[in-house]
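Enquirer: Numbering (full-length UniProt numbering), first residue to last: 1 to 118. Beta carbons: idealized from backbone N, C-alpha and C, even for Gly. Everything numeric in this text was worked out from a predicted model, so none of it was measured.
(1) Report the residue ranges of all beta strand (DSSP E) runs contained in full by the segment 81-107; include only those spanning at least 3 residues, in chain order.
(2) Just list the residues that DSSP pairs residue 64 with in beta bridges.
(3) To which residues does DSSP link residue 111 through a beta bridge?
(4) Assuming residue 55 contacts residue 101 (C-beta within less than 8 Å), just tell me the rounded distance between them.
(5) According to DSSP, simplified to helix, strand and coil, what is residue 73?
(6) Residues in its own chain within less than 8 Å of residue 118 by CB, not counting five upstream and five downstream?
(7) Where does residue 4 fall in DSSP's three states?
(8) Report the option in 15, 49, 45 whose CA atom is closest to the CA atom of residue 85.
(9) Using a 10 Å radius around the Cβ and a threshold of 16 neighbouring Cβ atoms, would you call residue 27 buried or exposed?
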């Protein structure tokens, strides 16, 4: 689902180019260059933000014609995970034991630690 961009914004601003990211979505439109610059510079608070969006959700990834597609329970969850993906923090999959993400082209596998309050 694409969010309409107000005409005033469209006339004065060019969307950022995410083609450096092989997993970017061509329909993704974003205009804040500072956030992209901070992401690419590795500003700790920004990288933590994207990493959390890539990890903390119930999205399920699927492949459709070779393309990564996210299935989400809510539009908000889909939008946040999609934004992380376009900024280079790609959720790749999960098993009961691990979650796999790709951060700026490098795969990371994280162990899932279940909490037992019993």
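Expert: Put simply:
(1) Along the length of the segment 81-107, whole beta strand (DSSP E) runs at least 3 residues long occupy 89-94, 98-103, reported in chain order.
(2) Looking at the DSSP assignment, residue 64 forms a beta bridge with 67.
(3) Bridge partners of residue 111: 98.
(4) Rounded to the nearest angstrom, the Cβ distance from residue 55 to residue 101 is 6 Å, consistent with a contact under 8 Å.
(5) For residue 73, the secondary structure class from DSSP, reduced to helix, strand or coil, is coil.
(6) Same-chain partners within the cutoff: there are none.
(7) If DSSP states are grouped into helix, strand and coil, residue 4 belongs with coil.
(8) When C-alpha distances from residue 85 are compared across 15, 49, 45, the shortest belongs to 49.
(9) With fewer than 16 neighbouring CB atoms inside 10 Å of its own CB, residue 27 falls in the exposed class.
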